[in-house]
Amino acid sequence: MKTTFYKPTKHKRLIISTLCLFLSLNSIAQWQGSGSEEDPYQIYTKADILAMTEAINSSAPSYLEGIHFALMNDIEEALTAEIGIGFKGYLHGRGYCINLELHDETYFNNTLFGNFWGYMDSITFNGNVSNFYALIGHNQYHGVLKYLTINLNVQGAYIETGNPGEYGFYCSIFTYNNDGIISHCINNSDINVLTPCKTVVIGVLTMGSMGEAHIIESCINNGNITVNCQPNTILWISIFQIYGNNMGSIINSINNGNIVINGIPEVFDLSCFAYAGSGTISNCINTGSIQAKGTDIFGTFVCESFGTISNCLNTGTIIGENIASAFAAKVYAHNDPEFAKSEIKNCLNIGYVSGNNKVGALFGEFINNESNPNGTASVKNNISLSKTSGYVLFGDTNEDIFLNPSLILENNFYDKQMVPQQSTAIGDIPGKAEGLLTTDMTGFALQEILGDGWSYAEGRYPIPLGLENDSVVIAAVTPIFLHAENENNYEHVDSVSKNFYVTT
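Position in the sequence shown (first residue = 1) + 334 = the numbering used here.
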């Protein structure tokens, strides 16, 4: 006898799915509200959140899509397990707090949501987490995390490598992978690796992303990273993104956290913003100090840059080892239409950069793909006001790169009163890399040359446009100087003083 299986139509599937969702939500009697944007389900207690878990498990794979929830007060009784393996709804925090105590033996259970396609905003997370690898496992396309603050005591995940007694350490704060949007989020949590491991992989906003939809905007990291390592350790560390290629955008974000590495690892790649970038990093600031002897390559904003870094500022002190830069360790020429233009523009460095090989404020090394002679990299309209252990602007020791038509240099300046050292391996290059007197760089002196990518005012250096309202930035670019009648007298100064105000 032939068996005929029931095959519901698309319309019937929708009715069945909607009915199942209605029944799963209708079974949760303690919720107040209707689940709409205007009248969300109201969350008062931990029990209300556990009811969300039950509803999520009952509604898969829709995961409460389109349903709104809102915190009505702080959730003081700590959550000890993830809310759900997936979520497509809305969770509005309204400025309230959730306490977490996540300590499961399986590290990927120590999250709030395993996969997130929804929207979550305005929540502060307090408490303690261990064996922890991220608040969100994967923030998927269309997922939005907004106005979240992390105040957790964090112990990351130690995972066995397969060799006896050997472990890898993995930890991120917000997401393990991000293909959505992280906006206006703040991290105040430190990450410490006190037991040396074979492999250490650390991110703060996210471990990795490959998608063009990936956006990190207006986020702040105040957390510090400390790692004790051994000679065979492999380290991959970044504040905003470590794995993959940043094909998206990191915008208007600030790193205030310090990174301290104790010991010299075998392999060490480090960046505060993104390890590799073919997207855009713009209007970002680093104030954190980095002590990282043993780095193979270090770039404050990008280690390996195929994309655009624009209107960014570094004030932090950078102690690297091999190739080091305040902006990009390596700059690659390309003409790939899938990538952003390879360029560094309208950026300002005020921090000291140190290393033993190719060290420069703007980039450490230029890489040209000879099989693609039409590729270019552009570095223009940038300023550095601090010394380095190599060259002020460009660290590459290969003198031939400055004759390479694939490398386009234009209007990159340093203050030769503040920084009495060479700008490049071949010295100053007029119109491309050169030192100026302080009076020739302050006020409106460079406006015609640098153009509208900068903010100008009397009594200070230009500030990358978009950063001019930060009072700390204003203080950093306000020089103390005496006017010189000619270049032969500019370095003969006894003592000077200047008054200015910083808002608090």
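From the three backbone atoms N, C-alpha and C, an ideal C-beta is built for every residue, glycine too.
Residue i, enclosing beta strand (DSSP E) - first and last residue
i, result
"D749", "L741 to D749"
"T614", "T614 to S616"
"V478", "V478 to E494"
"I701", "F697 to I701"
"N526", "I525 to V527"
"Y790", "Per DSSP, Y790 belongs to no beta strand (DSSP E) and is neither H nor E."
"E677", "E677 to K679"
"I470", "I470 to N473"
"C637", "V636 to S639"
"G800", "Segment: none, G800 is in no beta strand (DSSP E) and carries neither H nor E."
"Y666", "A662 to Y666"
"T533", "T533 to I536"
Helix, strand or coil at residue i according to DSSP, with G and I counted as helix
i, result
"T772", "helix"
"F728", "strand"
"K714", "strand"
"D438", "coil"
"E371", "coil"
"G785", "helix"
"F778", "coil"
"E655", "coil"
"A810", "helix"
"N497", "coil"
"S456", "strand"
"K346", "For K346, the predicted model reports a pLDDT of 45, less than 50, meaning its position is unreliable and no value from the coordinates is stated."
"L737", "helix"
"S644", "strand"
"A363", "With a pLDDT of 46 at A363, under the threshold of 50, the modelled position of this residue cannot be trusted, and the question is left open."
"N620", "strand"
"S757", "coil"
"N449", "strand"
"N691", "coil"
"N669", "coil"
"I516", "strand"
"S805", "helix"
"I598", "coil"
"N683", "strand"
"N555", "strand"
Residues near residue i by beta carbon distance below 7 Å, same chain, minus five either side
i, result
"I525", "V488, G490, C505, I536, G557 and I559"
Close-in-space but distant-in-sequence residues of the same chain around residue i (CB under 6 Å, 5 per side omitted)
i, result
"E699", "I657, K664, K692 and D730"
"G423", "L398, I401 and G452"
"Y790", "F778, Q781 and P796"
"I595", "V561 and A626"
"M752", "L719"
"A810", "T649 and I684"
"H548", "N512, D513 and G582"
"I588", "I554 and I619"
"I808", "none"
Best match in the options for proximity to residue i [C-alpha to C-alpha]
i, options, result
"A662", "S644, N669 and E672", "S644"
"S659", "N680, N690 and H668", "N690"
"E299", "T614, V478, N465 and I797", "For the chain, the structure presents residues 335 to 838; residue 299 sits outside this window and is missing."
"S572", "G542, E600, N566 and V601", "G542"
"H426", "D382, Y378, F403 and E411", "F403"
"N444", "Y430, L413 and G429", "L413"
"C563", "I549, I588 and F602", "F602"
"C697", "P671, N732, G787 and T483", "What sits at residue 697 in the sequence shown is Phe, not Cys. Looking at the Cα atoms, N732 is the closest of the given residues."
"L727", "Y686, S552, S740 and P530", "Y686"
"T773", "N462, P813 and E802", "P813"
"T634", "T642, Y430, N620 and F640", "N620"
"I568", "E600, S688 and L434", "E600"
"I624", "C606, S605 and I652", "I652"
"G477", "Y467, N708, N715 and D455", "D455"
"I701", "H668, P498, K675 and A695", "H668"
"F421", "E792, L479 and E411", "L479"
"N592", "F447, I584, S605 and N586", "S605"
"L770", "S396, F640 and N745", "N745"
"L446", "N433, L469 and D749", "L469"
"G800", "G793, E792 and D786", "D786"
Range covered by the alpha helix (DSSP H) that runs through residue i
i, result
"K380", "K380 to S393"
Own chain, CB closer than 8 Å to residue i, minus 5 neighbours either side, in chain order
i, result
"I763", "F736, L743 and S757"
"T495", "Y501, G502, K532 and T533"
"S523", "I484, N485, L486, N487, V488, I507 and G557"
Near the ligand GTP: residue i beta-carbon under 8 Å from a heavy atom
i, result
"P764", "In the structure on display, the ligand GTP does not appear, and there are no ligands present to speak of."
Beta carbon proximity, residue i to chain B, threshold 9 Å
i, result
"D408", "Absent here is chain B; the protein component of the structure consists of one chain."
- Message: List, from N- to C-terminal side, the beta strand (DSSP E) runs of 3 residues or more that fit wholly inside the segment 559-593.
- Response: As far as the segment 559-593 is concerned, its whole beta strand (DSSP E) runs of at least 3 residues are 559-562, 568-572, 575-580 and 583-585.
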